[in-house]
Ligand SMILES: [Zn+2]
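In our numbering, the protein residues as written are 3 to 136.
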């Protein structure tokens, strides 16, 4: 496999582990936290989003069970993603209390409009997806 990746391309891990899910993974990778070779794509990982991968560590002795790998800078438009922008706001102190800034009843119509226009990837980038059925 090539060691190249460009913005928008399928991440290597999705080719290495073509099936995300809750069962055993024949090609696990090394956990960045415990070092065990027990990491697989989470059942909530979304194939349509090339800039974000959700992972799960299957080592019962590792507390880092659910993880997200998010591309913050890719030379393209990753900086425009809602999840990347939210992280920047938290990291630079602009948004120090998410619950105060966005109480549960608050809605953003521009996000909903985006989700309608760019169904699929935009939904994934703007809100947590529903758990897979079945
Ligand atoms: Zn681990």
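The beta-carbon is built from N, C-alpha and C at its ideal position, and this holds for glycine as well.
ask   = Taking the Cβ atom as the reference point for each residue, do residue 87 and residue 72 lie within a distance shorter than 7 Å?
value = Position 85 of the chain shown, counting from 1, holds the residue named residue 87. Position 70 of the chain shown, counting from 1, holds the residue named residue 72. Taking C-beta atoms as the reference points, residue 87 and residue 72 fail to come closer than 7 Å.
key: Rounded separation between residue 18 and residue 47 - CA only   = Walking along the chain shown from the start, residue 18 turns up at place 16. Walking along the chain shown from the start, residue 47 turns up at place 45. Just so you know, the alpha carbons of residue 18 and residue 47 end up roughly 14 Å apart.
message = Whether or not the region 50 to 69 and the region 90 to 98 are in contact is what I'm after, with contact meaning three or more pairs of Cβ atoms, one per stretch, closer than 8 Å; do they touch?
response = These segments do not touch.
message = Taking 7 Å as the limit, name every residue whose beta carbon sits nearer than that to some heavy atom of ligand 1, in sequence order.
response = With the cut-off at 7 Å, the residues found are 33, 35, 36, 38, 40, 41, 59, 61, 64, 66.
ask   = Alpha carbon to alpha carbon, how far is residue 6 from residue 103?
value = By one-based count along the chain shown, residue 6 stands at place 4. By one-based count along the chain shown, residue 103 stands at place 101. Those two C-alpha atoms are separated by around 39 Å.
ask   = Whose C-beta lies closer than 7 Å to the C-beta of residue 22 among residues of the same chain, with five residues either side of it excluded?
value = As a position in the chain shown, residue 22 is number 20, starting the count at 1. Closer than 7 Å at Cβ, skipping near neighbours: 43, 44, 45, 47.
ask   = Mapping DSSP to helix, strand and coil, what is residue 89?
value = For the purposes of this step, residue 89 is taken as residue 87 along the chain shown, with counting starting at 1. In the structure shown, residue 89 adopts helical secondary structure according to DSSP, grouped into three states.
query = On the three-state DSSP scale, how would you describe residue 73?
reply = By one-based count along the chain shown, residue 73 stands at place 71. Look at residue 73 here: in three-state DSSP terms it is coil, with no helix or strand label.
task = Using a threshold of 7 Å, state whether the C-beta atoms of residue 85 and residue 9 are closer than that.
result = Numbered from its first residue, the chain shown carries residue 85 at position 83. Numbered from its first residue, the chain shown carries residue 9 at position 7. The answer is no: Cβ separation not under 7 Å.
query = Run through DSSP, which three-state label would residue 63 get?
reply = Reading the chain shown from its first residue, position 61 is the one you call residue 63. DSSP places residue 63 in coil when its eight states are reduced to three.
ask   = Under 7 Å, do residue 40 and residue 52 count as touching if we go by C-beta distance?
value = Position 38 of the chain shown, counting from 1, holds the residue named residue 40. Position 50 of the chain shown, counting from 1, holds the residue named residue 52. No; because the gap between Cβ atoms is not below 7 Å, this pair is not in contact.
Boundaries (first-last residue) of the beta strand (DSSP E) holding residue 43 = Taking the first residue of the chain shown as position 1, residue 43 is located at position 41. 41 to 43 is the extent of the beta strand (DSSP E) around residue 43.
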